[in-house]
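The numbering used here numbers the first residue of the sequence shown as 57 and each following residue consecutively.
Some notes on the structure that comes next.
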Amino acid sequence: MASVHRQAFAALVNQCGWAKGAELGVDKGILFGMLLQRCPQLHLIGVDTFPDRDRSRRVFELATEYADRTTVLEMTTHLASRVTDDRSLDFVFIDADHSYEAVRQDIKDWKNKVKPGGWLGGHDYTRKFPGVIEAVDRAFSTRVQLWPGTIWGVWV
57 MASVHRQAFA ALVNQCGWAK GAELGVDKGI LFGMLLQRCP QLHLIGVDTF
107 PDRDRSRRVF ELATEYADRT TVLEMTTHLA SRVTDDRSLD FVFIDADHSY
157 EAVRQDIKDW KNKVKPGGWL GGHDYTRKFP GVIEAVDRAF STRVQLWPGT
207 IWGVWV
């Protein structure tokens with residue numbers, strides 16, 4: 057069964073009618089695949105360094121299956137932000153390196169990639185990942201909203 061955060065986020069994508077987004081930290085492609093399957097209007101960019109190709113095999117299968125709606129960037133999130141146009145995305149979902157510095161940098165690099173009225177957020181806003189909480193709270197303070205499954209987000 058799909059985890060709560062994946063179901064909640066796929067529902068949010070459909071509810072908002074988002075057409076273009078990015079997932080930072082694709083890993084095995086579980087959320088990536090769910091979004092492509094449940095959100096037929098969505099073009100999705102997946103960013104990861106894919107250090108374990110075997111673990112990430114499904115991502116590349118999905119990129120082939122949904123070739124008209126996917127872009128996979130095999131690079132760091134920082135480098136990927138440099139090849140992504142400002143204000144081109146409806147959302148960015150941050151779920152890569154969970155350290156304070158990495159999340160802080162992802163927020164800095166990707167917040168301008170989201171269109172006005174879009175959404176910037178991510179996963180693992182929980183005590184298990186204090187770096188996520190600290191980076192998000194320092195960047196957005198009281199603007200942070202929480203969704204099921206430890207999802208955090210702000211409207212930009």
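Yeah, the Cβ is synthetic: ideal placement off N, Cα and C, and Gly gets one too.
I think residue i touches residue j, with their Cβ atoms under 8 Å apart; what is that distance to the nearest whole Å?
i: H179; j: H61; result: 6 Å
i: V210; j: G187; result: In fact, because the Cβ distance is near 17 Å, the residues do not count as touching under 8 Å.
i: T132; j: G102; result: Not a contact, Cβ separation roughly 13 Å.
i: K98; j: F88; result: For clarity, residue 98 is Leu in the given sequence; the question names Lys instead. L98 to F88, Cβ: 11 Å. No contact.
Using DSSP with H/G/I as helix, E/B as strand and the rest coil, what is residue i?
i: D142; result: coil
i: H134; result: helix
i: T127; result: strand
i: D110; result: coil
i: H154; result: coil
i: R194; result: helix
i: T74; result: The question names Thr, but residue 74 in the sequence shown is Trp. Three-state result, W74: coil.
i: K184; result: coil
i: A64; result: helix
i: M57; result: Reliability fails at M57, whose pLDDT of 42 lies under 50, so the model's placement of it is uncertain and the value that follows must be treated cautiously. Coil, per DSSP.
i: V69; result: helix
Can residue i and residue j be called in contact, C-beta distance under 9 Å?
i: A195; j: K167; result: yes
i: A67; j: T140; result: no
i: V200; j: V212; result: no
i: D165; j: G81; result: no
i: Q63; j: G205; result: yes
i: W74; j: W175; result: yes
i: Y181; j: I163; result: no
With DSSP as the reference, please indicate the residues paired to residue i in a beta bridge.
i: F149; result: E79, G177
i: D104; result: E130
i: Q201; result: G209
i: V170; result: L145
Stretch pair the segment 110–118 + the segment 149–164: three plus CB contacts closer than 8 Å: no
Would you call the segment 84–93 and the segment 162–172 in contact, with 3 or more CB pairs under 8 Å? no
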